Amino acid sequence: MIEKNTIEHEKAVLIGVINREQNEEKVTEYLDELEFLTYTAGGEVIKRFVQRVDVPNPKTLIGSGKMLEVEEFVKENKVGSVIFDDELTPAQQRNIEKQLRCKIVDRTSLILDIFAQRAQTSYARTQVELAQYEYLLPRLTGLWTHLERQRGGIGMRGPGETEIETDRRIVRDRITLLKKKLEKIDRQMETQRGNRGALVRVALVGYTNVGKSTLMNVISKSEVFAENKLFATLDTTVRKVVLGNLPFLLSDTVGFIRKLPTQLVESFKSTLDEVREADLLLHVVDISHPQFEEHIESVNQILDEIHSADKNTIMVFNKIDKYKHAEIDEDDLVTERTERHFTIEEWKRTWMQRVGDKALFISALNKENLDEFRKRVYNEVRDIHVTRFPYNNFLYPENLDEYQSQ
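Take the sequence shown: its letter number 74 is residue 74 in full-length UniProt numbering, and every next letter is one higher.
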């Protein structure tokens, strides 16, 4: 297996690109997220470089002038890693490495590195290893810089070419082996899910670091690992939860992120099966994050990719205790009022109004509005359960208050 990289406060530089698809404001948001990813991986960001590039440089992504500026900074400050927010082609990665003479990482490989650190079970490690090898395969030639001078033709064919080809074959064989291993585990997990009987399945989904594991711990009274870092949860946790006298299964799944590598979506197929097979989704949103609407869009996009966008969903807006809106002074007649100035009550009157009673506002950490949350989840789970077992209708009161008053 590719070994985990444990980095201790390695100096890092971030590089972002402004183009037609992403303006300066969006690039700043992406770089903020990339800095949090770098921190999660164990790095320390000491500088950011941003360049407007309408047509990406096929050799180095950014322009030659900006490359010289980065090269000078890297040398002066002994920077260990240069991290690009956009995915680099194998050729671009090689060219940039040659010029900067340090580790070149793009968003995909950084996320893969964090996943490698976070994977605890054999199953999660196998999934991450498969994604790493699939990412590595087209980049293998870059690892053999000592063979740069080799040429084809008579008398020039030698062990160098064989070495690269051998490595490619080894990686391909390893990918095939890992896929077979995952298929076997997938079948085992499918059997496990089948053995859970006809209990209603509820899955927590959402962007990474929105408080899914904290909410899981509060509802199920379990001790799922929760931390203020990206991808704290990698292994799916399933717990039996009883609200009133109504039992159901609750699963905490891996968090999503913008520009999630396709290799990971493929590798984590079985983990995402928990979402596919769920009867009810609890879409947890960090409302205190300035870009929470974009996060919702990213999650919905991935749910669409795994054919789960049309599932019965409750929107859970978490971290209301941390929410702060921008304020405008009374005598300020210039500043235009935007969404940044909305209070939570004003947000409720926007598109959230259309969600109706499927939108809940809570704080999992401070346990605010959790009674309302439990009642809503109870009602939804009861409706699903009664549809499945009509003869059980009399066992479960129509709302949680009735059960608690008995």
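Glycine residues also receive a C-beta, built at the ideal position from the N, C-alpha and C atoms. In this text, all values refer to a predicted model and were calculated from it rather than measured experimentally.
Just to confirm my understanding: we take residue i, look at its own chain, exclude 5 residues before and 5 after, and list those with CB closer than 8 Å. What are they?
{"i": "Val27", "result": "Gly16, Val17, Ile18, Val50 and Asp85"}
{"i": "Gly63", "result": "Gln51, Val53 and Asn57"}
{"i": "Arg20", "result": "Asp54"}
{"i": "Glu372", "result": "Leu360 and Ile362"}
Is residue i near residue j, with beta carbons less than 8 Å apart?
{"i": "Thr387", "j": "Lys358", "result": "no"}
{"i": "Pro90", "j": "Arg139", "result": "yes"}
{"i": "Gly211", "j": "Leu365", "result": "yes"}
{"i": "Ser220", "j": "Leu250", "result": "yes"}
{"i": "Ile175", "j": "Leu130", "result": "yes"}
{"i": "His283", "j": "Gly206", "result": "yes"}
{"i": "Lys11", "j": "Lys103", "result": "no"}
{"i": "Ile302", "j": "Val285", "result": "no"}
{"i": "Leu280", "j": "Val218", "result": "no"}
{"i": "Leu204", "j": "Thr126", "result": "no"}
{"i": "Asn318", "j": "Ile287", "result": "yes"}
{"i": "Arg340", "j": "His325", "result": "yes"}
{"i": "Lys59", "j": "Gln93", "result": "no"}
So what does residue i bridge to, in DSSP terms?
{"i": "Ala119", "result": "In the DSSP output, where bridge partners are listed per residue, Ala119 has none listed."}
{"i": "Ser81", "result": "Ala12 and Lys103"}
{"i": "Phe373", "result": "Answer by DSSP bridge pairing: none, since Phe373 is not bridged."}
{"i": "Glu368", "result": "Ser363"}
{"i": "Phe256", "result": "Tyr207"}
If you run the structure through DSSP and keep just helix, strand and coil, what is residue i?
{"i": "His341", "result": "helix"}
{"i": "Asn318", "result": "strand"}
{"i": "Arg388", "result": "helix"}
{"i": "Gln51", "result": "strand"}
{"i": "Asp167", "result": "helix"}
{"i": "Asn312", "result": "coil"}
{"i": "Gly356", "result": "helix"}
{"i": "Asp273", "result": "helix"}
{"i": "Arg20", "result": "coil"}
{"i": "Glu87", "result": "coil"}
{"i": "Val241", "result": "strand"}
{"i": "Leu61", "result": "strand"}
{"i": "Arg349", "result": "coil"}
{"i": "Val45", "result": "strand"}
{"i": "Ile96", "result": "helix"}
Excluding the 5 residues preceding and the 5 following residue i in the sequence, name in chain order all residues of the same chain whose CB lies nearer than 7 Å to its CB.
{"i": "Arg52", "result": "Ile18"}
{"i": "Thr335", "result": "Ile328"}
{"i": "Lys47", "result": "Val13 and Phe73"}
Between which two residues does the beta strand (DSSP E) holding residue i run?
{"i": "His283", "result": "Leu280 to Asp286"}
{"i": "Val105", "result": "Lys103 to Asp106"}
{"i": "Thr214", "result": "From DSSP, Thr214 is part of no beta strand (DSSP E) but of the alpha helix (DSSP H) over Lys212 to Ser220."}
{"i": "residue 419", "result": "Outside the shown range of the chain (1 to 406) lies residue 419, about which nothing can therefore be said."}
{"i": "Leu204", "result": "Arg201 to Gly206"}
What residue does the alpha helix (DSSP H) around residue i start on, and which one ends it?
{"i": "Lys75", "result": "Ser64 to Asn77"}
{"i": "Asn300", "result": "Phe292 to Glu305"}
Within the present structure, is the beta-carbon of residue i separated from the nearest heavy atom of the ligand SAM by less than 7 Å?
{"i": "Asp279", "result": "Of ligands this structure carries none, so the ligand SAM is not represented either."}
In chain order, what residues of the same chain have a beta carbon less than 6 Å from the beta carbon of residue i, not counting five sequence neighbours either side?
{"i": "Ile257", "result": "Thr208"}
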